[in-house]
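Worksheet: the structure to be examined is printed underneath.
Residue numbers (the working numbering): 18 to 226.
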């Protein structure tokens, strides 16, 4: 096989993969987290065999769809935030991007939970970025000093939990994000009880982000 042919095949495979992932996100948004893989393949304009060749199981498809969403919508917000000289504003922008994306992708997140695709590894790049931004805020005196890294995934679980109590696209989550951000401020805060270690998301009742 020539180098040119090999390159073309890789490009075709990448295009098919991207089409499948966007079709999956659209199908879940419209039909719910139980949308059939056959429907996703048809929406993407590929055969079911092509879908399975790229994603042998639903968990892999969901994980890749979440990765695509993160790369397209949250990673750019993180990059901008890391260049912002106001740590609190930067942290706020990333949390807003994450919540806005989660609101649009709530059925993808539900599919992730249902398929067992939710792992600590899947969310670690996002949590690491939050931790860095929060630490910068603490160093600048803009975020309460007793916030610890394990608080951040739990805060995200709390925030994402409100999405299921309101209609998609309502932006009602902004009220609760504002409340959380006020709670992270260093002024007029009460001492916190001790933090406990994170429980693995693989255990029953684990955190869903």
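For every residue, glycine included, the Cβ atom is placed at its ideal position computed from N, Cα and C.
Exercise. Return yes when the Cβ of residue 62 is within less than 9 angstroms of the Cβ of residue 36, no when it is not.
Key: Walking along the chain shown from the start, residue 36 turns up at place 19. Walking along the chain shown from the start, residue 62 turns up at place 45. Yes, Cβ-Cβ distance for residue 36 and residue 62 is below 9 angstroms.
Self-check item: Alpha-carbon spacing of residue 91 relative to residue 70, whole angstroms
Solution: Reading the chain shown from its first residue, position 74 is the one you call residue 91. Reading the chain shown from its first residue, position 53 is the one you call residue 70. Between residue 91 and residue 70, the C-alpha separation is close to 28 angstroms.
Quiz item: Taking all protein chains shown into account, do 16 or more other C-beta atoms lie within 10 angstroms of the C-beta of residue 309, making it buried, or fewer, making it exposed?
Solution: Because residue 309 is not part of the residues shown, which for the chain are 18 to 226, the question remains open.
Practice problem: Using beta-carbon positions only, say whether residue 139 and residue 129 come within less than 9 angstroms of one another. | Solution: Translated into the one-based positions of the chain shown, residue 139 becomes position 122. Translated into the one-based positions of the chain shown, residue 129 becomes position 112. For residue 139 and residue 129, yes; Cβs fall inside 9 angstroms.
Quiz item: Whose C-beta lies closer than 7 angstroms to the C-beta of residue 82 among residues of the same chain, with five residues either side of it excluded?
Solution: For the purposes of this step, residue 82 is taken as the residue at position 65 of the chain shown. Hits under 7 angstroms: 38, 41, 42 and 125.
Quiz item: Of the residues 133, 147, 79 and 97, which one's Cα is nearest the Cα of residue 45?
Solution: Here residue 45 refers to the residue found at position 28 when the chain shown is read from its first residue. Closest option to residue 45, Cα to Cα, is 79.
Quiz item: Going by other Cβ atoms of all chains shown within 10 Å of its Cβ, with 16 needed for buried, is residue 182 buried or exposed?
Solution: Working through the chain shown from its first residue, we reach residue 182 at position 165. With fewer than 16 other Cβ atoms within 10 Å, it is exposed.
Self-check item: Euclidean distance between Cα positions of residue 220 and residue 148
Solution: Working through the chain shown from its first residue, we reach residue 220 at position 203. Working through the chain shown from its first residue, we reach residue 148 at position 131. Residue confidence for residue 220 is low, a pLDDT of 47 falling below 50, so the modelled location carries little weight and cannot support an answer.
Self-check item: Boundaries (first-last residue) of the alpha helix (DSSP H) holding residue 99
Solution: Counting from one through the chain shown, the residue named residue 99 turns up at place 82. From DSSP, the alpha helix (DSSP H) with residue 99 extends over 92-99.
Exercise. Hey, could you find the ends of the alpha helix (DSSP H) residue 111 is sitting in?
Key: In the chain shown, residue 111 corresponds to position 94, counting from 1. 104-121 is the span of the alpha helix (DSSP H), which, as asked, contains residue 111.
Quiz prompt | Terminal residues of the alpha helix (DSSP H) in which residue 59 lies | solution = Counting from one through the chain shown, the residue named residue 59 turns up at place 42. Note, residue 59: alpha helix (DSSP H), 54-61.
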